[in-house]
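Under the numbering used here, the first residue of the sequence shown is numbered 190, with each subsequent residue one higher.
Ideal placement from N, C-alpha and C gives every residue a C-beta, glycine not left out.
Predicted, not measured: the structure shown is a model, and the values here were computed from it.
For reference, the structure discussed in these notes is given below.
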Amino acid sequence: MKNKKIIHNTLVGYGFLFPNIAGFLLFTSLPVIVSFVLTFLQWDILTPPKFIGLANWINLVKDKDFWYYLYNTFFFMLGIPLKMIVALALALLVNHKLKGIVIFRTIFFLPVVCSTVAIALIWNWIYNPDFGLLNAFLRWIGMYSPPQWLSSTKWAKPAIIIMEVWVGAGYTMLLYLAALQGIPAELYEAADIDGASSWQKFMNITFPMLAFVNFFIVIMAIIGGFQAFGTQYVLTGGGPAGSTTTIVYHIYNHAFKWFNMGYASTIAWFLFGIMFVVTLVQWSRGKSGETNY
């Protein structure tokens, strides 16, 4: 009887797990395997797949557009340290038990819960060269020829970075705030007894204690940076002249615009390789820092 009950409970457990396992195999594992196979095929959905060996990989290496869009992707990541600085400043600002401070925390976090499309449309209006809020302010302070933000190959990328910092700073602030509230107050009390200044307390207590959350933020921001697509799609359409097109946007064009599924899969796997290596390096550095700490 005892063995039958164990078997019954085991089967019931697997029964509850089956939908999740089946979903993972069907909607995650299978597409991953198929996409890898497609890297060796030429397929436009309408005609049968044709085996072409390593042709897609060779074309990838020769594709100048790919390398330019990879550069664009890395350029957008320049906003990561800026976002972290802004978020840390906001976290330090709201890390006080003051009346009404929750309202400010909510306001700073609000952009995170808004949709990408809605935010992009708002910033599209802000960046409008004729009646946008930003250029109106620049004219008011005496700049009579302000930048054509989204239609200039020089300014389009910085404009998107500014928007991304504004959008992502709230979530990063929340992570920093949780970390700040976890720092033992005794450390600051001991520093006060030693006569440490606010800057010394920040550099010798606060910043070192944020090492682990910094590591997490950098890893997640890099992964998110490699996946950049929505803002560029809505705000600039990848333009002007491809100056804001990212790797994922390049994949989207090949897969769903030109139906070049094999080449799109090749780019996706190459991107996965870059993300894996970068994440592995960051992880190794993080583990090394943890050991030293």
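Considering just the uninterrupted stretch of the alpha helix (DSSP H) at ALA345, what are its terminal residues? 345 to 370
According to DSSP, simplified to helix, strand and coil, what is GLN231? strand
Buried or exposed (CB count within 10 angstroms, at least 16 for buried), ASN449: buried
When PHE445, GLY451, THR295 and THR468 are compared against SER224, the one with the closest alpha-carbon: GLY451
Is the region 406 to 424 touching the region 436 to 447, taking contact as three or more C-beta pairs under 8 angstroms? yes
Tell me which residue opens and which closes the alpha helix (DSSP H) that HIS443 is part of. Unbroken run through HIS443: none, as it is neither H nor E.
Residues near SER454 by beta carbon distance below 6 angstroms, same chain, minus five either side: SER224, LEU227 and THR228
State the Cα-Cα distance for the pair ASN192 and ALA211, rounded to the nearest angstrom. 27 angstroms
Please list the terminal residues of the continuous alpha helix (DSSP H) segment that includes TRP256. 253 to 265
Suppose the cutoff is 8 angstroms on Cβ atoms and the five residues either side in sequence are ignored; what does the same chain contact list for MET464 look like? ILE411, ILE412 and PHE415
For TYR316, does the count of other Cβ atoms within 10 angstroms reach 16, so buried, or fall short, so exposed? buried
Nearest to MET398 (by Cα), restricted to the options ALA367, GLY384 and MET409: ALA367
Classify LYS272 as helix, strand or coil using the three-state DSSP reduction. helix
How is the alpha helix (DSSP H) around THR305 delimited, first residue to last? 305 to 315
So, is TYR203 buried or exposed, given that buried needs 16 or more other C-beta atoms within 10 angstroms? exposed
Report yes if the C-beta distance between TRP329 and GLY321 is below 8 angstroms; otherwise report no. no
Expressed to the nearest angstrom, what Euclidean distance is found between the alpha-carbon atoms of ASP150 and THR236? Lying outside 190 to 482, the shown extent of the chain, residue 150 is not represented and no answer is given.
Measure the C-alpha to C-alpha separation of PHE445 and ILE351 and round it to an integer number of angstroms. 29 angstroms
Is the Cβ-Cβ distance between THR433 and ILE311 less than 8 angstroms? no
The alpha helix (DSSP H) enclosing PHE404, as first and last residue numbers: 400 to 415
Residues near THR342 by beta carbon distance below 6 angstroms, same chain, minus five either side: PRO429, ALA430 and SER432
Expected contact under 8 angstroms - CB spacing of ILE372 and ILE394 to nearest Å: 7 angstroms
Is ASN198 helix, strand or coil by DSSP? helix
Closest by CA to PHE293, which one among ILE196, MET362, LEU214 and VAL470? MET362
Quick one: what does DSSP say THR239 is sitting in, helix, strand or coil? Before going on, a small fix: residue 239 reads as Lys here, not Thr. Reduced to three states, the DSSP call for LYS239 is strand.
Local conformation of TRP319 per DSSP, three classes: In the sequence on display, residue 319 carries Asp and not Trp. In the structure shown, ASP319 sits in coil (DSSP, three-state: anything other than H, G, I, E or B).
What three-state label does DSSP hand PHE459 in the structure shown? helix
Looking at the structure shown, is GLN337 part of a helix, part of a strand, or coil, going by DSSP? coil
What do you get for LYS239, buried or exposed, if any count of 16 or more other CB atoms within 10 angstroms of its CB means buried? exposed
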